[in-house]
Structures are given as C-alpha cells and as structure tokens.
Amino acid sequence: MTILASSSPSMIQPAMSIQPAMSIQPAASIQVYPGPLVLRGVATTPDLANHLAQWGAQPKLDLTTLLELCSSAVVKGRGGAGFPFARKLSTVADHRRRGQRPVVVVNAAEGEPISAKDSALLLTSPHLVLDGAALSAHALGAREVIIVTASDRPWVADAVAAAIGERESARADRSLRWSHRPTAGRFVAGASQAVLEHLAGRAALPVTAWVPEAVRGVRGRPTLLSNAETFAQVAALARIGAEEYRALGTATSPGTTLLTVARLDEPSGSSHEPAVHEVGYGTPLVDLLPWDAQDGPVLLGGFHGTWASPVQIAGLAVDRDAFAERSLALGAGVLAPAGRACPVALTARITAYLADQSARRCGPCLNGLPALAESMAALARGVDTRARIRELGGVVVRRGACAHPDGSARLVSSLLDHLPDAVGDHLSRSCTCTGGAR
Amino acid sequence: MTSTSAHLRVDWPHCDARGLCAEVLPELIHVDEWGYPVIVGGVTPELRQSAKEAVLVCPKRALRLLRDG
Numbered sequence: 001m002t003i004l005a006s007s008s009p010s011m012i013q014p015a016m017s018i019q020p021a022m023s024i025q026p027a028a029s030i031q032v033y034p035g036p037l038v039l040r041g042v043a044t045t046p047d048l049a050n051h052l053a054q055w056g057a058q059p060k061l062d063l064t065t066l067l068e069l070c071s072s073a074v075v076k077g078r079g080g081a082g083f084p085f086a087r088k089l090s091t092v093a094d095h096r097r098r099g100q101r102p103v104v105v106v107n108a109a110e111g112e113p114i115s116a117k118d119s120a121l122l123l124t125s126p127h128l129v130l131d132g133a134a135l136s137a138h139a140l141g142a143r144e145v146i147i148v149t150a151s152d153r154p155w156v157a158d159a160v161a162a163a164i165g166e167r168e169s170a171r172a173d174r175s176l177r178w179s180h181r182p183t184a185g186r187f188v189a190g191a192s193q194a195v196l197e198h199l200a201g202r203a204a205l206p207v208t209a210w211v212p213e214a215v216r217g218v219r220g221r222p223t224l225l226s227n228a229e230t231f232a233q234v235a236a237l238a239r240i241g242a243e244e245y246r247a248l249g250t251a252t253s254p255g256t257t258l259l260t261v262a263r264l265d266e267p268s269g270s271s272h273e274p275a276v277h278e279v280g281y282g283t284p285l286v287d288l289l290p291w292d293a294q295d296g297p298v299l300l301g302g303f304h305g306t307w308a309s310p311v312q313i314a315g316l317a318v319d320r321d322a323f324a325e326r327s328l329a330l331g332a333g334v335l336a337p338a339g340r341a342c343p344v345a346l347t348a349r350i351t352a353y354l355a356d357q358s359a360r361r362c363g364p365c366l367n368g369l370p371a372l373a374e375s376m377a378a379l380a381r382g383v384d385t386r387a388r389i390r391e392l393g394g395v396v397v398r399r400g401a402c403a404h405p406d407g408s409a410r411l412v413s414s415l416l417d418h419l420p421d422a423v424g425d426h427l428s429r430s431c432t433c434t435g436g437a438r
Numbered sequence: 001m002t003s004t005s006a007h008l009r010v011d012w013p014h015c016d017a018r019g020l021c022a023e024v025l026p027e028l029i030h031v032d033e034w035g036y037p038v039i040v041g042g043v044t045p046e047l048r049q050s051a052k053e054a055v056l057v058c059p060k061r062a063l064r065l066l067r068d069g
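Chains A and B are the protein sequences, given in the same order.
So the first sequence is residues 1 to 438, counted in the working numbering.
So the second sequence is residues 1 to 69, counted in the working numbering.
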C-alpha cells in the first residue's frame with residue numbers, strides 16, 4: 001500500500017530530488033509492504049485498538065528476562081552502527097544510581113534522507129515502537145520516555161503525537177511519562193550525540209562523547225538511546241519469544257529487518273517513491289531490487305554506505321555477516337540502485353550534499369568534506385582525481401565528533417574500490433552520462 | 001614495539017588548529033594540510049611528560065590524555 005504521509009497532495013515530493021544536490025529531502029510518500037513481523041499490521045489503521053487486537057497486551061518483563069531474550073535473539077541496533085542491544089541495556093542498568101532513574105530515548109530522526117523505514121514504521125505501527133520503549137523502561141525502572149523525530153518529516157511527528165495521545169487517554173502504562181521532541185531535519189542531527197545535545201536544549205549538533213550516554217546521558221542520567229526500529233523489534237520479540245523470532249532469520253542474524261529501496265535514477269513511467277520492506281535475514285538481496293535495476297550498481301546503507309557491483313550483489317543474502325565478508329555493510333538498511341544512472345555522477349552529487357550537511361564544527365570535516373566534494377566533482381567532469389580522493393578519504397576518517405566524515409569517506413572509497421570499471425569508463429568517456437554507450 | 005599505557009584524543013569541535021600541541025610533541029602529533037592535529041601513535045612512558053605538556057599548552061583545551069582501555 002502507499003502511505004501518503006503528507007496531508008495535502010500538493011506536498012508530494014519525489015523520493016529524492018537529485019538536482020541540485022542541496023535540496024535532497026525525505027520522501028513524503030512511501031510504499032509500505034506488509035511484512036512477517038513488525039510490519040504485519042500495515043493494512044489496518046495505526047490506532048491503539050487495532051494494535052491491541054493484532055498483538056495483544058504488552059508483556060512486562062524483568063531486566064534479567066529481557067536481557068536474556070535480547071542476547072539469545074542477537075538484537076542489534078538498527079540505526080546503522082549495529083551495537084548489541086543487550087549490552088546497551090546492561091550498561092544502563094549497571095549505572096543506575098539512587099535517585100537517578102534512567103531515561104529511554106527513541107531515536108526516530110532518521111537523518112539519512114533516503115531512508116524511510118523508521119517513518120514507515122511510525123506511520124503504520126507506532127504503538128509497537130512505543131511498546132518496545134515501555135518494555136525497556138519497565139525493565140530498567142525508568143519513568144520517562146522521549147521520542148525524537150525530525151522537522152523535515154512532520155508526518156512522523158504527527159503520528160507519534162497521536163499515538164502518545166491515545167496511550168495517555170487510554171491510561172495505558174501509567175507509570176510512564178511520554179514526551180515528544182522534534183529536532184532539526186538535517187543529516188547529522190540524527191546522530192546520537194546530536195540528539196542528546198538537542199534534549200539538553202543546545203543546538204542539535206554532534207559533540208565529543210567522553211562517556212557513553214548509557215552511562216551519562218539525558219540530565220546526566222544513564223540513558224537507553226536506540227533507533228525506533230530496534231524498539232519495535234524488541235516489542236515483537238517479547239510477544240513471540242526467541243524461538244519463533246530465530247525461525248524468521250538465519251543462525252547468526254535471527255529475526256527480520258526493515259529495508260528501504262530507494263532508486264537513485266529517474267526511470268520514466270516508474271515510481272519515485274521509496275519502498276519499505278520487512279524481510280527475514282537470509283533473503284536474497286536481488287529479490288528486493290526493481291527488475292530494471294538488478295544489473296547495475298547498488299548503494300548499500302545509504303549516503304554513508306558502500307557501493308556494490310552487480311558481481312558483489314549476485315548471490316548475496318540480507319545478512320550482516322554475509323555483507324561483512326564482502327566488505328559491505330547494511331547500515332540503516334537502505335538499498336539504493338543506480339539503475340541506468342552513472343555512479344560517478346551520483347557520488348559527486350551525494351558528496352556535495354554531505355559536505356553541505358557538515359555541522360562545520362570539526363576542522364577535518366569542515367575542510368576535508370568540501371575538498372572531497374570538489375575532487376569528486378572534478379572526477380565527474382572527467383579529471384582523474386582518484387589519488388587525491390583516496391588521500392582525502394584517509395585524512396578525514398576518525399577525526400570528528402561524529403561519524404559524518406567517516407561515512408562520507410566510506411562512500412567515495414567504495415566507488416573507487418568496488419566500481420573501478422565504472423570509474424574507468426567514466427574517465428575514458430564511454431559511460432552513458434558522458435554520452436557514450438553503456 | 002614499545003607498549004603504550006595512554007592515548008591522546010582531540011575534542012574536534014573545540015580544536016582550532018593553533019598547532020601548539022604538534023610543536024610540543026612532534027613525535028606523536030603531526031598536522032594535516034589545514035593545520036589540524038593528526039595523532040600518529042599511543043603515548044609511551046617516555047613521552048608521557050611531553051604528552052601532558054601538549055595537553056596543557058592547548059589554548060582551546062581541546063586535547064586530552066586518556067588511559068588505554
């Protein structure tokens with residue numbers, strides 16, 4: 001089904017407006033497909049009554065049971081970094097202090113502009129996300145849950161506000177205080193340290209984390225901050241149990257994952273809307289790609305992700321370990337096929353966008369990303385700047401308060417490492433975008 | 001290889017490329033093309049004193065000496 005996120009049809013935007021690079025906006029219209037677990041309720045309206053009919057009452061688990069469940073089901077964070085959820089949970093629990101109850105933060109900012117999976121989840125199943133947050137809060141003895149959405153996805157903010165309102169009037173989870181805090185709609189505002197800065201009343205920009213938020217986060221309290229999908233996965237897992245959850249995925253990656261398929265080319269007559277799927281881990285990746293984009297390169301993980309060639313993708317399953325074996329990463333679950341578009345030209349535009357999205361606070365990012373964007377633009381014009389691109393990629397890595405420079409370097413390095421033939425064709429002017437045949 | 005017990009970490013949003021740290025501790029701190037520090041290794045016991053000086057000399061207090069682990 002198509003979820004029209006904005007109320008007014010005139011607000012509909014294409015999945016990604018690629019020119020000029022600075023105007024890349026999240027999609028207001030998303031194709032959401034029913035899935036085996038967290039997206040099984042897509043066809044019904046997202047209200048609390050339907051949610052309870054579908055899932056039954058939310059179980060209350062003690063900390064030990066929840067930890068055991070999450071570690072046996074290998075639940076990892078779905079925001080991109082893939083940190084084990086049980087470890088985060090136990091760090092928060094270990095740092096509880098007298099008179100300082102922990103805080104739970106649901107990160108639904110979805111800073112990656114072509115990702116739509118957290119939006120899809122909150123538009124179709126907001127109560128599953130809130131259940132996961134409530135479940136975690138109960139296990140930790142937390143009384144406060146904060147949900148952070150982004151201002152460039154106002155439809156998600158509306159869905160969250162409506163769901164919180166429903167729970168309050170139904171007097172559900174009365175021991176909890178829910179709040180909703182919209183943050184800036186920019187790429188780096190979704191980074192966890194930027195979210196915490198925003199909650200502290202400062203600009204939503206990354207700062208150096210000397211101590212993890214699980215130890216000291218919101219108002220100095222131990223804070224469980226995780227991506228929206230992670231909480232929905234935990235809620236679903238608590239309902240069905242580890243055994244059934246494991247049966248949905250593979251031995252090393254149990255359960256399911258949400259994926260956004262957002263094409264980077266502009267096919268005529270075909271949809272620009274990103275599609276959100278929920279699949280069991282182990283599903284062949286090629287099954288998720290549009291038929292006319294299967295023989296081209298795919299950007300995996302979003303703008304901070306890695307390019308993969310058709311050869312790398314052939315036979316590849318959606319599985320964290322299978323990806324890692326091929327030097328690929330699933331990140332926040334974006335599959336962005338280039339289709340007929342030139343990956344060199346696309347990377348140049350994306351790098352210009354990423355440079356523009358820098359918070360401009362850390363020197364290496366402030367200087368390095370514009371230099372990287374300039375070198376990528378030159379490459380797109382046919383100048384061989386590969387050595388300079390590699391040099392700059394090495395200079396910016398691990399030299400910032402957040403992963404923005406690292407993600408940008410990963411993107412450009414993967415173009416050179418994984419698509420050397422496409423870059424070669426581009427430089428010899430034999431690719432489609434420079435007028436040659438492909 | 002000499003064992004290290006500590007490492008230097010830059011507080012990037014605060015660093016202003018003044019370059020004093022690299023002058024005090026050229027063994028471990030190089031600078032990039034814009035003058036920002038590049039930490040090239042861990043702090044060995046012999047360099048510990050110089051590392052402390054590098055931390056103290058920073059006018060932006062953007063360098064910290066942290067224990068490994």
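Yeah, the Cβ is synthetic: ideal placement off N, Cα and C, and Gly gets one too.
Query: Neighbour list for residue 15/B in chain A, Cβ cutoff strictly below 8 angstroms; Result: 362, 363
Query: Whole-number beta carbon distance between residue 405/A and residue 396/A, since they are thought to touch under 8 angstroms; Result: 4 angstroms
Query: Residue 222/A versus residue 235/A: straight-line alpha-carbon distance, rounded; Result: 21 angstroms
Query: 8 angstroms Cβ cutoff, residue 395/A in contact with chain B; Result: yes
Query: Spatial neighbours of residue 52/B in its chain, beta-carbon cut-off 7 angstroms, leaving aside the 5 residues before and after; Result: 65
Query: Length of the line joining the Cα atoms of residue 313/A and residue 166/A; Result: 44 angstroms
Query: Cross-chain neighbours of residue 401/A in chain B, by beta carbon under 7 angstroms; Result: 12, 13
Query: Length at least 3, wholly inside the stretch 101-150 of chain A: the beta strand (DSSP E) runs in chain order; Result: 103-108, 144-150
Query: Contact set between residue 367/A and chain B, taken where Cβ atoms lie within less than 7 angstroms; Result: 34
Query: Neighbour list for residue 208/A in chain B, Cβ cutoff strictly below 7 angstroms; Result: 11, 12, 13
Query: Extent of the continuous beta strand (DSSP E) run through residue 335/A; Result: 334-337
Query: Residue burial classification, residue 56/B (beta-carbon count within 10 angstroms, cutoff 16); Result: exposed
Query: CA-to-CA distance, residue 400/A to residue 193/A, given in whole angstroms; Result: 12 angstroms
Query: Close Cβ partners of residue 372/A (< 8 angstroms) along its chain, the five nearest in sequence each way excluded; Result: 351, 355, 389, 392, 393, 396, 408, 409, 412
Query: Environment of residue 34/B [buried if 16+ CB atoms lie within 10 Å]; Result: exposed
Query: Residue 208/A - DSSP class collapsed to helix/strand/coil; Result: coil
Query: Three-state secondary structure assigned by DSSP to residue 74/A; Result: coil
Query: N- and C-terminal bounds of the beta strand (DSSP E) containing residue 38/B; Result: 37-39
Query: Sequence-distant residues of its chain with Cβ nearer than 7 angstroms to residue 232/A (five each side left out); Result: 38, 121, 125, 128, 129, 132
Query: Cβ-Cβ distance between residue 275/A and residue 261/A below 8 angstroms; Result: yes
Query: Exposure label - residue 325/A; buried when at least 16 CB within 10 Å; Result: exposed
Query: Rounded straight-line distance, which links the Cα of residue 247/A to that of residue 113/A; Result: 32 angstroms
Query: Secondary structure of residue 429/A, DSSP reduced to three states; Result: coil
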